[in-house]
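Visitor: The structure is given below, and queries will be raised subsequently.
Residue numbers (full-length UniProt numbering): 1 to 651.
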């Protein structure tokens with residue numbers, strides 16, 4: 001059966017009872033079963049004049065169906081989807097971001113409140129933190145949400161997305177199914193916006209599914225798999241001997257608050273008893289203020305279809321653990337504590353994994369395979385939660401199989417569909433095995449994939465090619481653009497031939513406490529593998545000067561400063577402050593600077609910033625002719641010295 005015909009026959013089940021379009025159905029039994037969403041026939045027994053609009057006296061039929069056209073459509077507003085949409089928009093595409101919740105952020109939102117982890121803890125105990133768009137978002141939060149409020153975090157994300165040019169946002173909107181063209185591409189996404197009762201048909205050249213569960217890709221006929229592969233398929237030592245359907249589960253988090261007086265607790269009727277005597281010692285009950293990440297239920301069958309049933313049980317188990325804490329008599333320290341927040345939306349870990357031209361697997365990660373088409377990286381441990389979740393108390397809540405010495409690469413071939421030619425994806429639904437997913441599912445890693453596919457989508461539109469062709473023909477251009485936009489690709493230095501600093505005769509600093517000003521042109525945007533790739537001043541103010549033998553025309557200057565990628569920035573519910581986590585704006589970040597150009601023997605100021613908030617700093621100005629530029633570094637957010645990793649100039 002052809003894919004298009006299949007989805008015409010199955011769309012009724014996909015739409016579900018909750019989606020009732022305001023037009024498009026007929027009283028005729030045969031026509032009532034039709035899925036022709038373009039029909040103007042009324043549905044049921046409604047009268048076109050049934051709505052009496054008292055303010056105007058009109059009797060209209062609501063027409064809430066819209067068709068909108070974009071270059072790139074991104075489905076899913078979590079970390080991956082946000083970064084994909086922003087990357088595509090910044091690289092020139094007209095973009096729409098479709099999110100089925102009222103807030104952005106996915107598992108990190110106030111609805112779920114998972115820490116936005118990334119490469120947090122390599123074997124040396126330090127992170128190798130992500131830069132690029134996800135770092136911009138985290139810095140934006142540090143500047144505007146010092147109180148570490150999750151509801152405010154929702155609006156930090158809303159502010160960040162809605163200020164972006166070329167980007168439209170549709171919240172409370174579900175992409176229900178793909179509408180396919182005769183050549184097997186996605187022609188449009190049929191969407192339903194709950195709050196406005198509006199049907200949207202979103203047309204685009206490229207679609208990016210960052211929704212996690214991947215409904216759009218699934219209804220497009222994209223190949224996918226669920227469950228655990230047999231160890232023999234990819235030579236994975238941590239996979240089971242026989243393949244099975246197990247998928248890591250969802251978790252309900254809770255939080256409690258010290259009320260300063262005794263707070264009795266009576267569990268609700270749906271509470272499920274927590275049997276602490278049978279529980280593995282890894283199910284730690286202290287600290288209890290932030291709840292327990294191991295109150296989890298997965299599935300070895302249809303984890304998406306079972307979600308609501310699992311949610312009901314998860315709420316019961318979460319309240320059961322709290323009931324044990326409060327009423328077992330073994331935790332007197334909880335006497336004055338009361339529940340302050342309980343999630344009503346479990347945070348998901350695993351469901352569909354699409355099939356791309358390459359399936360990322362455990363040996364790729366553990367052996368640190370180097371990919372010619374690498375576009376992102378990960379490094380969270382192989383963190384496979386146990387089959388059964390909280391219903392398998394005897395086993396540890398997760399098997400932290402192995403930590404990594406250094407980040408691993410993620411190839412572009414794992415980020416587009418093998419059989420739907422204009423479908424990209426990023427997040428937990430990429431082309432990978434269950435064991436690989438146990439590491440790469442972490443949100444900041446998903447965000448890097450999102451920036452990669454968003455950038456790729458924009459290049460596809462510019463060059464009028466599809467993702468596979470882009471990967472085969474233009475992969476270096478994609479990588480160079482990602483690195484220029486401050487995404488880091490391990491072991492891949494930049495080599496942008498259009499960067500005019502490559503032609504400079506001399507680069508020097510006014511003073512140096514570490515590194516060398518010449519390193520600002522070596523293609524590396526961070527110190528890596530114990531090698532220095534920076535210049536650091538000896539005190540402030542200081543400057544860096546770049547000289548050319550001949551006159552050049554420039555209109556852009558870009559530099560990358562220091563935000564200390566060995567320290568984490570994410571919002572945490574415990575507002576942890578130590579050597580590895582900070583709740584503050586990095587003191588190393590440049591705060592104020594200006595740039596000058598030498599023209600006809602005189603230094604002329606061509607740009608200045610007084611309150612910088614990003615690691616990648618860009619100056620754009622009218623084209624000038626010059627033989628030298630000077631970057632004057634005035635202050636940081638607390639560090640005594642200024643550190644730079646890269647300087648670029650473009651005409």
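Backbone N, C-alpha and C fix where the C-beta goes; we use that ideal spot for every residue, glycine too. Note that the coordinates shown come from a computational prediction; the quantities given were computed from them, not determined experimentally.
(1) Whole angstroms are fine: how far does the CA of residue 82 sit from the CA of residue 363?
(2) Please confirm whether residue 389 and residue 301 have their CB atoms less than 7 Å apart.
(3) Can you list the alpha helix (DSSP H) stretches of 4 or more residues lying completely in the segment 459-524, in chain order?
(4) Given 8 Å as the limit, is there contact between the segment 228-245 and the segment 274-294, that is, 3 or more CB pairs closer than that?
(5) DSSP on residue 648, reduced to helix/strand/coil?
(6) DSSP state of residue 638, grouped into three classes?
(7) Counting only runs that start and end within the segment 36-90, where is the alpha helix (DSSP H) found for 4 or more residues in a row?
(8) Output the distance between the C-alpha atoms of residue 9 and residue 303, rounded to the nearest integer angstrom.
(9) How would you label residue 604, buried or exposed, when you count the other beta carbons within 10 angstroms and need 16 or more for buried?
(10) What is the DSSP secondary structure of residue 210, reduced to helix, strand or coil?
(11) Does DSSP put residue 604 in a helix, in a strand, or in coil?
(12) Report buried or exposed for residue 505, applying the criterion of at least 16 other Cβ atoms within 10 angstroms of its Cβ.
(13) Entirely within the segment 192-278 and at least 4 residues each: give me those alpha helix (DSSP H) ranges in chain order.
(14) Considering just the uninterrupted stretch of the alpha helix (DSSP H) at residue 141, what are its terminal residues?
(15) Quick check for students: name the residue ranges of the beta strand (DSSP E) that lie wholly in the segment 292-361, counting only runs of 3 or more.
(16) Under a Cβ-count criterion, where at least 16 other Cβ atoms within 10 Å of its own Cβ denotes burial, should residue 411 be classed as buried or exposed?
(17) Expressed to the nearest angstrom, what Euclidean distance is found between the alpha-carbon atoms of residue 594 and residue 92?
(18) Is residue 453 helix, strand or coil when you go by DSSP?
(19) Which residue or residues does DSSP assign as beta-bridge partners of residue 186?
(20) When the distance is taken between beta carbons, is residue 84 closer than 7 Å to residue 601?
(21) In or out: residue 537 buried (at least 16 other Cβ within 10 Å) or exposed?
(22) Which two residues bound the contiguous beta strand (DSSP E) that contains residue 548?
(23) Could you please give me the residues that DSSP links to residue 396 through a beta bridge?
(24) Of all the beta strand (DSSP E) runs that stay within the bounds of the segment 392-445, which reach a length of 3 or more residues?
(25) Could you give the distance in angstroms between the alpha-carbon of residue 310 and the alpha-carbon of residue 215?
(26) State the beta-bridge partners of residue 535 as determined by DSSP.
(27) When DSSP builds the beta bridges, which residues end up paired with residue 655?
(28) Taking the beta strand (DSSP E) that residue 375 belongs to, which residues open and close that run?
(29) Report back the beta-carbon spacing between residue 429 and residue 352 to the nearest angstrom; my notes put them in contact at under 8 Å.
(30) Nearest CA to the CA of residue 417: which residue from 559, 616, 224 and 127?
(31) Is the separation between the beta-carbon of residue 336 and that of residue 443 shorter than 7 Å?
(32) State the beta-bridge partners of residue 166 as determined by DSSP.
(33) By a C-beta neighbour count over all protein chains shown, 10 Å radius and 16 as the cutoff for buried, is residue 316 buried or exposed?
(34) Under a three-way DSSP split, which group does residue 585 fall into?
(35) Note down the Cα distance separating residue 686 from residue 457, rounded to an integer number of angstroms.
Guide: A quick look at the data gives this:
(1) Distance between the alpha carbons of residue 363 and residue 82 is about 30 Å.
(2) Not in contact: residue 389 and residue 301 (Cβ atoms no closer than 7 Å).
(3) Counting only runs of 4 or more, we get 467-473 and 475-484.
(4) Two segments are said to touch when three or more pairs of C-beta atoms, one from each, lie closer than 8 Å; by this definition the segment 228-245 does not touch the segment 274-294.
(5) Looking at residue 648 - three-state DSSP - the assignment turns out to be strand.
(6) Residue state, collapsed to three classes: coil.
(7) Correct list: 79-90.
(8) Note that residue 9 has pLDDT 38, beneath the 50 cutoff, so the model's placement of it is unreliable and the number below is only indicative. Each residue's Cα considered, the two are about 24 Å apart.
(9) Burial call: exposed.
(10) Coil at residue 210, not helix or strand.
(11) In the structure shown, residue 604 falls within a strand segment according to DSSP collapsed to helix, strand and coil.
(12) Counting of Cβ neighbours within 10 angstroms places residue 505 among the exposed residues, the total staying below 16.
(13) Runs found: 215-219 and 231-234.
(14) Boundaries of the alpha helix (DSSP H) harbouring residue 141: 133-144, taken from the DSSP string.
(15) Correct list: 296-299 and 337-342.
(16) Answer is buried; the Cβ neighbour count reaches 16.
(17) In this structure, the CA atom of residue 594 is about 27 Å from the CA atom of residue 92.
(18) Shown here, residue 453 sits in a helix according to DSSP, grouped into three states.
(19) Its beta-bridge partners are 180.
(20) Contact flag unset, no.
(21) It counts as buried.
(22) Taken as a continuous stretch (DSSP letters only), the beta strand (DSSP E) holding residue 548 covers 542-561.
(23) Answer is none; residue 396 lacks a bridge partner.
(24) Fully enclosed beta strand (DSSP E) runs of 3 or longer: 398-402, 408-411 and 423-425.
(25) One C-alpha to the other measures close to 19 Å.
(26) Residue 535 pairs with 515 and 644.
(27) As shown, the chain starts at 1 and ends at 651. That puts residue 655 outside it, with no answer to give.
(28) Counting along the chain, the beta strand (DSSP E) containing residue 375 begins and ends at 374-378.
(29) Right, their Cβ atoms sit about 5 Å apart.
(30) Ranking 559, 616, 224 and 127 by Cα distance to residue 417 puts 224 first.
(31) For the pair residue 336 and residue 443, the CB atoms are not nearer than the 7 Å cut-off.
(32) Within the DSSP secondary-structure output, residue 166 pairs in no beta bridge.
(33) Residue 316 is buried by the Cβ-count criterion.
(34) Coil, per DSSP.
(35) The requested residue 686 does not occur in the structure, where the chain is confined to residues 1 to 651.
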